[in-house]
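For what it's worth, UniProt numbering labels the leading residue of the sequence shown as 1, then goes sequentially.
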Amino acid sequence: MRTLKAATLATILGAMSACSLNECANDTLASVQSPNGEQAAVLFERNCGATTAASIHLAIMPVGEMPNGKGNALIFSKMTADILSYQLHWIDGGHVHVSLPKGAEIYLRQQSVGAATIEVVRGS
1 MRTLKAATLA
11 TILGAMSACS
21 LNECANDTLA
31 SVQSPNGEQA
41 AVLFERNCGA
51 TTAASIHLAI
61 MPVGEMPNGK
71 GNALIFSKMT
81 ADILSYQLHW
91 IDGGHVHVSL
101 PKGAEIYLRQ
111 QSVGAATIEV
121 VRGS
């Protein structure tokens with residue numbers, strides 16, 4: 001009987017810990033390397049399941065790395081009809097330019113990440 005209780009408890013605890021795991025998925029939309037080749041600006045869609053709306057994130061990170069969490073530079077609403085209207089490029093080694101659809105709602109906006117300054121422009 002004790003073995004059955006221990007096995008049941010282990011099963012319940014295992015199921016509970018699985019529920020707390022990060023269930024978000026990141027899908028890269030664009031990755032642009034800085035002119036000096038040290039950093040990349042990565043634009044990606046983050047989807048955390050049916051109860052949370054997908055959003056678009058921008059992360060500034062070392063070249064070759066991919067985001068596994070939230071963006072560290074910019075987070076904004078996903079505009080399904082305007083998915084192709086996002087533009088991303090480096091102006092020079094220290095400035096990133098990102099153009100958003102006119103109606104995109106910004107949830108997080110950093111002026112800079114490390115040595116990179118983030119310039120955000122809304123489309124027309």
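Beta carbons: idealized from backbone N, C-alpha and C, even for Gly.
Keep in mind it's a predicted model, so treat the numbers as computed, not measured.
Next on the checklist: What would DSSP say about S34, mapped onto helix, strand or coil?
Outcome noted: Stepping through the sequence shown from its first residue, residue 34 is reached at position 34. The answer is coil: DSSP assigns S34 none of H, G, I, E or B.
Next on the checklist: Under 8 Å, with one C-beta from each stretch per pair, do the stretch 50-64 and the stretch 113-123 reach the 3-pair mark?
Outcome noted: These segments touch.
Item to check | Pairwise C-alpha distance: A115 and G94 | outcome: Here residue 94 refers to the residue found at position 94 of the sequence shown. Here residue 115 refers to the residue found at position 115 of the sequence shown. Going by the C-alpha atoms only, they are around 6 Å apart.
Checklist entry - Given S31, which residues of its chain have a CB within under 6 Å of its CB, disregarding the five upstream and five downstream residues? => result Counted from its first residue, the sequence shown places residue 31 at position 31. Excluding residues up to 5 positions away in sequence, A40, V42 lie with their Cβ nearer than 6 Å to the Cβ of S31 in the same chain.
Next on the checklist: Quick check on L13: does DSSP put it in helix, strand or coil?
Outcome noted: On the sequence shown, residue 13 is found 13 positions in, with the first residue counted as 1. Bear in mind that the predicted position of L13 carries a pLDDT of just 41, short of 50, making it too unreliable to give a figure here.
Next on the checklist: So C48 and E23 are supposed to be a Cβ contact under 8 Å. How far apart are they, rounded?
Outcome noted: Walking along the sequence shown from the start, residue 48 turns up at place 48. Walking along the sequence shown from the start, residue 23 turns up at place 23. Rounded to the nearest angstrom, the Cβ distance from C48 to E23 is 6 Å, consistent with a contact under 8 Å.
Item to check | Close beta carbons around I106, own chain, < 6 Å, minus the five adjacent residues each side | outcome: For the purposes of this step, residue 106 is taken as residue 106 along the sequence shown, with counting starting at 1. A distance below 6 Å between beta-carbons, with the five flanking residues on each side excluded, links I106 to the following residues of its chain, in chain order: F76.
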